[in-house]
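In the numbering used here, the protein residues as written are 66 to 425. All remarks here apply to the structure that follows.
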């Protein structure tokens, strides 16, 4: 087994390790501190074909159950949640069982919410298999979607470990790579201009394994520092939602799966820069980010939007207070803040943003 990198996240309920390395999916027992009565692996149809057997092979002496959900955001539904809870009950899981979330952000959010609510909470581990999941697997946010908004039904429930086998990322397609890198760009924008500029010089579809590990470790470290300081999102953790106000509205408006989460976040980041430049009258690298996104194949010409419907969706966002949209903005790179945007101003910003994209 190759050398691993380890970080520790301290939460109010437990501290847990994030382990990064290659081939570590074959050595899960090295990272688990308890002897579990049974194991329930939740994954999706794409990941199951690649890695499910590897994970099950770690538990030859235990009762192991598996459930394979359809790939995609549509699986973060109340129907999937109920089906998996039923399977957990009929399989005889108990309070000493372990749930394994094997997959990307959808699997992690859904399986984590199952763990948080089954018998009022049992242990789970995250085994991310996407770049995007470097963000979603850290911090203990677990949730499912509602047709009126994304992640509106959920909890804060940290895993007992995040075991990140970089080797699994080799199977990702270009669209999934783009989706993941949008979150790394977000983390750089809220924390570090130097890293942001480094990413702007990166062709993400030809990135080396060493570069990828560095970028993932950077993103995880940014999130870890923020999560430790604000576990339940009462303060600075909100900054991790940069770009997500519009992103979540787009995902809901266009139908979950029409855009990947990262593609929606990329558009949302551009919108955040657009609004920030107006609010703070300070130039930000909108054009530089737009060019990098275009060069790396992100969809940036989506302009057939229903502005009023998007605003309605934004007002269902978790950050909304008293029906007022709270948006994460940047005073400058590395200096995020939040600001309330009224409906009239938001409509004007959306219309001018759409026009700006059309004229690129």
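Yeah, the Cβ is synthetic: ideal placement off N, Cα and C, and Gly gets one too. Every value quoted in this text rests on a predicted model; they were computed, and no experiment measured them.
Could you give the distance in angstroms between the alpha-carbon of residue i and the alpha-carbon of residue j?
i, j, result
"residue 174", "residue 245", "15 Å"
"residue 285", "residue 337", "22 Å"
"residue 92", "residue 225", "16 Å"
"residue 351", "residue 121", "46 Å"
"residue 256", "residue 151", "42 Å"
"residue 390", "residue 160", "40 Å"
"residue 99", "residue 81", "13 Å"
"residue 425", "residue 156", "55 Å"
"residue 194", "residue 249", "16 Å"
"residue 86", "residue 276", "13 Å"
I believe residue i touches residue j by the beta-carbon criterion, under 8 Å. Please report the beta-carbon distance rounded to the nearest angstrom.
i, j, result
"residue 116", "residue 167", "6 Å"
"residue 310", "residue 333", "7 Å"
"residue 222", "residue 177", "6 Å"
"residue 406", "residue 228", "At roughly 40 Å, the Cβ-Cβ gap does not stay under 8 Å, so residue 406 and residue 228 are not in contact."
"residue 341", "residue 254", "Going by Cβ atoms, the distance from residue 341 to residue 254 rounds to 10 Å, so no, they are not a contact pair."
Taking all protein chains shown into account, do 16 or more other C-beta atoms lie within 10 angstroms of the C-beta of residue i, making it buried, or fewer, making it exposed?
i, result
"residue 247", "buried"
"residue 349", "buried"
"residue 382", "buried"
"residue 135", "exposed"
"residue 347", "exposed"
"residue 375", "buried"
"residue 379", "buried"
"residue 107", "buried"
"residue 373", "exposed"
"residue 216", "buried"
"residue 180", "buried"
Cβ of residue i within 8 Å of Cβ of residue j?
i, j, result
"residue 209", "residue 218", "yes"
"residue 74", "residue 279", "no"
"residue 230", "residue 192", "yes"
"residue 328", "residue 243", "yes"
"residue 287", "residue 312", "no"
"residue 182", "residue 240", "no"
"residue 214", "residue 171", "no"
"residue 72", "residue 289", "yes"
With a threshold of 8 Å between beta-carbons, can residue i be considered close to chain C, or not?
i, result
"residue 80", "Among the protein chains of the structure shown there is no chain C, as only one such chain exists."
Count the CB pairs spanning the stretch 350-360 and the stretch 293-313 that are closer than 8 Å, and state whether there are at least three.
At 8 Å Cβ cutoff, the stretches do not touch.
Are at least three pairs of beta-carbons, each pair with one atom in the stretch 395-402 and one in the stretch 410-422, less than 8 Å apart?
Touching, no.
The stretch 122-131 in contact with the stretch 182-191 per 3-pair CB rule at 8 Å:
Counting Cβ pairs under 8 Å, fewer than three are found: no touch.
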